[in-house]
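Novice: Letter by letter, the sequence shown follows residues 5 to 366 of the numbering used here. Note that the Cβ used here is the ideal one computed from N, Cα and C, for glycine as well. Just so it is clear, the structure is predicted and the values come from calculations on it, not from any experiment.
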Amino acid sequence: MGFSCGLVGLPNVGKSTIFNALTAAGAKVENYPFSTIDPNVGVVPVPDPRLDQIHKFFSDKRKVPTTLQFVDIAGLVKGASHGEGLGNQFLAEIRNVDATLHIVRCFEDPNVAHVDGSVDPKRDIEVIETELLLKDLEGIEKKVRSLEQRVRVGDKAAKAEHDFFARLQQAVSQGQAIRNLSIHENEKPFLKDLDPLTLKPVLFVANVGDQGENEFSKIVHQLAEQRQTKAVTISGRLESEVMETSQDDEERHTYLKEYGIEQSGLEKLIRAGYEVLHLVTFFTTDGPEVRAWTVSKGTHAPQAGAKIHTDFAERFVQCEVARWDELVKIGSLHKLRDLGHLARHGEKYEVQDGDVIHFVVA
Numbered sequence: 005m006g007f008s009c010g011l012v013g014l015p016n017v018g019k020s021t022i023f024n025a026l027t028a029a030g031a032k033v034e035n036y037p038f039s040t041i042d043p044n045v046g047v048v049p050v051p052d053p054r055l056d057q058i059h060k061f062f063s064d065k066r067k068v069p070t071t072l073q074f075v076d077i078a079g080l081v082k083g084a085s086h087g088e089g090l091g092n093q094f095l096a097e098i099r100n101v102d103a104t105l106h107i108v109r110c111f112e113d114p115n116v117a118h119v120d121g122s123v124d125p126k127r128d129i130e131v132i133e134t135e136l137l138l139k140d141l142e143g144i145e146k147k148v149r150s151l152e153q154r155v156r157v158g159d160k161a162a163k164a165e166h167d168f169f170a171r172l173q174q175a176v177s178q179g180q181a182i183r184n185l186s187i188h189e190n191e192k193p194f195l196k197d198l199d200p201l202t203l204k205p206v207l208f209v210a211n212v213g214d215q216g217e218n219e220f221s222k223i224v225h226q227l228a229e230q231r232q233t234k235a236v237t238i239s240g241r242l243e244s245e246v247m248e249t250s251q252d253d254e255e256r257h258t259y260l261k262e263y264g265i266e267q268s269g270l271e272k273l274i275r276a277g278y279e280v281l282h283l284v285t286f287f288t289t290d291g292p293e294v295r296a297w298t299v300s301k302g303t304h305a306p307q308a309g310a311k312i313h314t315d316f317a318e319r320f321v322q323c324e325v326a327r328w329d330e331l332v333k334i335g336s337l338h339k340l341r342d343l344g345h346l347a348r349h350g351e352k353y354e355v356q357d358g359d360v361i362h363f364v365v366a
């Protein structure tokens with residue numbers, strides 16, 4: 005399994021429609037709040053031309069792409085941090101994903117009611133952000149009160165943690181998301197139990213009508229830039245209909261091009277999502293599979309090996325690494341090894357995007 009992204013937003017912004025467009029899963033779509041009570045989950049393969057090219061030299065093996073999991077979470081409303089609507093359920097579900105895709109309504113349709121009566125991307129984004137910040141602040145305040153008692157009785161170990169959460173409390177109460185704060189490495193373990201919502205990376209999705217980009221979607225892109233993240237524009241209804249009409253990828257692309265859409269929403273999201281999540285892809289050709297794997301930037305070789313098998317981290321001896329394009333040029337790892345073009349690395353090696361890795365384990 006790759007990484008998971010939770011689709012969040014106000015009711016009736018088109019979350020389920022976007023979900024359908026991304027996964028072709030046909031989730032129930034209704035014109036009223038809370039139509040998605042149990043989260044719909046869709047797992048989609050990540051297209052990667054590099055994997056396709058590598059597989060040509062191992063055609064007797066199964067090609068296995070890496071995947072992304074999308075979770076369509078119930079719509080959020082004002083007061084969710086205090087349990088309004090489906091607030092408690094929403095906030096519990098969002099904790100289980102690696103990142104959030106914030107779906108923002110950028111289309112006008114008299115047949116689809118807006119929960120606040122009008123289309124206003126800035127207001128809608130701020131509603132969601134405020135609810136997540138309030139929920140984080142609630143947890144931080146509890147933590148500070150608990151730590152204050154320990155500091156009062158002379159618990160020196162609690163002092164550093166208390167000071168950290170007091171600083172966090174001030175920042176969050178001023179509207180700053182935790183992901184944008186400077187946190188030292190030795191402070192990060194303090195956050196493990198809290199699992200704050202605004203620590204998760206966020207990517208904005210401007211859901212537009214069939215006409216494409218508009219003034220509303222431009223606002224979403226501007227707000228994303230201000231928040232040091234990315235935004236993509238998707239015509240949710242159009243792409244969902246195309247997905248339902250055809251099962252052939254080439255045919256789908258042809259339909260989308262007729263509307264001036266060069267890349268599908270899934271392709272745009274994958275590109276932006278990998279950047280926001282700081283992900284890299286490496287490949288393996290051992291055994292019966294040619295396979296792509298996804299890890300975070302900075303992952304060391306033993307931990308990358310553990311994605312394949314948990315024992316690899318403990319049994320790691322070394323890894324042999326080739327660049328994917330060099331493998332395609334030469335045709336086999338054996339030839340690269342004979343030519344002395346396979347680099348050998350130890351446990352401190354950081355996996356790079358496009359590496360083809362052979363793990364040597366004890």
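Consult DSSP for residue 9 and reduce its assignment to one of helix, strand or coil.
Specialist: As a first step, residue 9 is located in the sequence shown; it is residue number 5 there, counting from the start. If DSSP states are grouped into helix, strand and coil, residue 9 belongs with the strands.
Novice: Any idea what DSSP makes of residue 111, helix, strand or coil?
Specialist: Residue numbering aside, residue 111 sits at position 107 when the sequence shown is read from its first letter. Three-state result, residue 111: coil.
Novice: Helix, strand or coil: how does DSSP classify residue 338 here?
Specialist: Taking the sequence shown and counting its residues from 1, the one referred to as residue 338 is at position 334. Note: residue 338 maps to helix in three-state DSSP.
Novice: Mind checking residue 314: buried by the 16 CB within 10 Å criterion, or exposed?
Specialist: As a working note, residue 314 is residue 310 in the sequence shown. With fewer than 16 Cβ atoms within 10 Å of its Cβ, residue 314 is classed as exposed.
Novice: In the DSSP assignment, find the alpha helix (DSSP H) that holds residue 149 and state where it starts and stops.
Specialist: The sequence position of residue 149 within the sequence shown is 145, counting from 1. Residues 125-156.
Novice: Quick check: residue 265 and residue 288, are their CB atoms within less than 8 Å of each other?
Specialist: Counted from its first residue, the sequence shown places residue 265 at position 261. Counted from its first residue, the sequence shown places residue 288 at position 284. No, Cβ-Cβ distance for residue 265 and residue 288 is not below 8 Å.
Novice: Roughly how many angstroms separate the alpha carbons of residue 125 and residue 205, rounded to a whole number?
Specialist: Taking the first residue of the sequence shown as 1, we reach residue 125 at position 121. Taking the first residue of the sequence shown as 1, we reach residue 205 at position 201. Answer to the nearest angstrom: the Cα atoms are 19 Å apart.
Novice: Are the segment 246-254 and the segment 210-229 touching by the rule of at least three beta carbon pairs closer than 8 Å?
Specialist: Output reads no: the segment 210-229 does not touch the segment 246-254.
Novice: Is it true that the CB of residue 346 sits closer than 8 Å to the CB of residue 324?
Specialist: As a working note, residue 324 is residue 320 in the sequence shown. As a working note, residue 346 is residue 342 in the sequence shown. The answer is yes: Cβ separation under 8 Å.
Novice: Out of curiosity, what's the CA-to-CA distance linking residue 181 and residue 128?
Specialist: Mapped onto the sequence shown, residue 181 falls at position 177. Mapped onto the sequence shown, residue 128 falls at position 124. Each residue's alpha carbon lies about 16 Å from the other.
Novice: Flag this pair as touching only if the segment 355-366 and the segment 277-292 have three or more C-beta atom pairs under 8 Å; answer yes or no.
Specialist: Yes: the two stretches touch, three or more of their Cβ pairs being nearer than 8 Å.
Novice: Out of 66, 253, 335, state which residue places its alpha-carbon closest to the alpha-carbon of residue 51.
Specialist: The residue given as residue 51 occupies position 47 in the sequence shown. Of the candidates 66, 253, 335, the one whose C-alpha sits nearest the C-alpha of residue 51 is 253.
Novice: Who are the near neighbours of residue 348 in its chain, counting only those whose CB is closer than 7 Å to its CB and skipping five residues on each side?
Specialist: The residue given as residue 348 occupies position 344 in the sequence shown. Cβ neighbours of residue 348 beyond the five flanking positions: 322, 324.
Novice: Cα separation between residue 331 and residue 231?
Specialist: As a first step, residue 331 must be located in the sequence shown, where it is residue number 327. As a first step, residue 231 must be located in the sequence shown, where it is residue number 227. Taking the straight line joining both Cα atoms gives about 39 Å.
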